[in-house]
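Everything on this sheet refers to the single structure shown next.
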Amino acid sequence: MEKSKVYFTNLRAKPGMNLQQKLARLMKTAGIGNIDFEKKYVAIKIHFGEPGNLAYIRPNYAKTVVDVVKELGGKPFLTDCNTLYVGGRKNALDHIDSAYLNGFSPFSTGCHIIIGDGLKGTDEALVAVDGEYIKEAKIGRAVMDADIFISLNHFKGHEMAGFGGALKNIGMGCGSRAGKMEMHSAGKPLVKERKCVGCGMCQKICAHSAITITDKKASIDHNKCVGCGRCIGICPHDAIYAKNDEACDIMNKKMAEYSLAVLKDRPHFHISLVMDVSPYCDCHAENDVAIVPDVGMFASFDPVALDVACADAVNKQPVCAGSILEEHLNAHACDGDHFHMVSPDTDWRSCVEHAEKLGIGHQAYELIEI
Numbered sequence: 487m488e489k490s491k492v493y494f495t496n497l498r499a500k501p502g503m504n505l506q507q508k509l510a511r512l513m514k515t516a517g518i519g520n521i522d523f524e525k526k527y528v529a530i531k532i533h534f535g536e537p538g539n540l541a542y543i544r545p546n547y548a549k550t551v552v553d554v555v556k557e558l559g560g561k562p563f564l565t566d567c568n569t570l571y572v573g574g575r576k577n578a579l580d581h582i583d584s585a586y587l588n589g590f591s592p593f594s595t596g597c598h599i600i601i602g603d604g605l606k607g608t609d610e611a612l613v614a615v616d617g618e619y620i621k622e623a624k625i626g627r628a629v630m631d632a633d634i635f636i637s638l639n640h641f642k643g644h645e646m647a648g649f650g651g652a653l654k655n656i657g658m659g660c661g662s663r664a665g666k667m668e669m670h671s672a673g674k675p676l677v678k679e680r681k682c683v684g685c686g687m688c689q690k691i692c693a694h695s696a697i698t699i700t701d702k703k704a705s706i707d708h709n710k711c712v713g714c715g716r717c718i719g720i721c722p723h724d725a726i727y728a729k730n731d732e733a734c735d736i737m738n739k740k741m742a743e744y745s746l747a748v749l750k751d752r753p754h755f756h757i758s759l760v761m762d763v764s765p766y767c768d769c770h771a772e773n774d775v776a777i778v779p780d781v782g783m784f785a786s787f788d789p790v791a792l793d794v795a796c797a798d799a800v801n802k803q804p805v806c807a808g809s810i811l812e813e814h815l816n817a818h819a820c821d822g823d824h825f826h827m828v829s830p831d832t833d834w835r836s837c838v839e840h841a842e843k844l845g846i847g848h849q850a851y852e853l854i855e856i
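Using the numbering used here, you'd call the opening residue of the sequence shown number 487 and step up by one each time.
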């Protein structure tokens, strides 16, 4: 079996070649020009960063990707889907405000922002995958409307997935609110009674008559509920929530199956920036000290090989002093996997192994440094 090619460049910047220019060169050397972009709509999937978090990718890098796509004749837009949890990206209006706050705008990046699953996280396309866990993935409609898909991700740790790389950016990131709930949860939504005021908004939007209001409090009949998550999005008081009770390994496998739904039957290309390697997701409204020094920029047509190459590169790095990784290493025996040491209940390999089984890509890779 031929190994997938993963291209890498470090973060050294000498006079005459800045980091944005190096990223553009990396993309072109990796073969992005082999895709026919002419007059094609191009979804560039990115995480805009939860307000308060400062580890997310700088918008300057997004502009570089946009510029390369435009140079090749494409019509790019930056996109992400709304979050399942309460925060600054729960609906499209707040989400775009958060993106602007963190520096992503048409003026700074050269293209528009489209929130993939619409105003309330309910604008979704149903994509058949016939996976082991997912039969029909719920993907943000704007993501699926694009002709070409590019993932631009910040590679970092994650408290459930082990790390957040290309596959998480694609699978979890492109799921609608109902899709995210399907990946995160083994069950159905629940009601926080102390927050519920009995306004009835959830009852009105439920298509399955699963919600009733009694004594000004909502309750959900799980025998009728299908887990679509629309009630979570509509609630003005954030009184309805997903339990997030799925086992990490199963969540990772579901994420791989969602990635297949996003990528199949169209051209795709993937970029990972291994810098500011925070221990947890950029969905946090804060970021902890990086666990390892900055590594570099990676690109590939194969997101599975890309994730494995980035993980290998991080695991070869020394541990940053004062980080949570150093704390855990001082308290426990080292097992050689930085991500597992940070979040011991996780196993990132379950995602890449399942993705390889699905035919998304290969774990075996050839690293080509430029």
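Ideal Cβ placement from N, Cα and C applies to all residues, glycine included.
By DSSP's assignment, E610 forms a beta bridge with G626. The Cβ atoms of H824 and A785 lie no closer than 8 Å to each other. For G782, the enclosing beta strand (DSSP E) starts and ends at 782-786. A direct Cα-to-Cα measurement between V800 and L792 gives close to 12 Å.
Here the alpha carbon of V629 sits roughly 10 Å from the alpha carbon of I636. For F635, DSSP records a beta bridge to A529, H754.
When secondary structure is reduced to three states using DSSP, D566 falls in the strand class.
Non-local C-beta neighbours of A611 in its own chain, meaning closer than 6 Å and more than five positions away in sequence, comprise I625, R627, M630, ordered along the chain.
By the beta-carbon neighbour count (other beta carbons within 10 angstroms, threshold 16), V572 is exposed. Distances from the alpha-carbon of A578 to those of F563, K561, T550, T608 put T608 closest. Between K489 and K526, the gap from beta carbon to beta carbon reaches 8 Å or more.
Around the C-beta of M503, fewer than 16 other C-beta atoms lie within 10 Å, and the residue is accordingly described as exposed. Across the set M761, A541, A499, C567, the C-alpha of C567 shows the shortest separation from the C-alpha of K654.
Excluding five sequence positions before and after F641, the CB atoms of its chain that fall closer than 6 Å to its own CB belong to G651, S758, V760, C796, given in chain order.
Contact between V790 and I846 holds: their C-beta atoms lie close to 6 Å from each other, under 8 Å. Counting C-beta atoms within 10 angstroms of its own C-beta, C692 has 16 or more neighbours from the protein chains shown and is therefore classed as buried. At a cut-off of 4 residues, the continuous stretches assigned as alpha helix (DSSP H) that sit fully inside the region 777-843 are 789-801, 810-817, 824-828, 835-843. Secondary structure of F593 (DSSP, three-state): helix. By the Cβ neighbour-count rule, R575 is buried, with 16 or more other Cβ atoms within 10 Å of its own.
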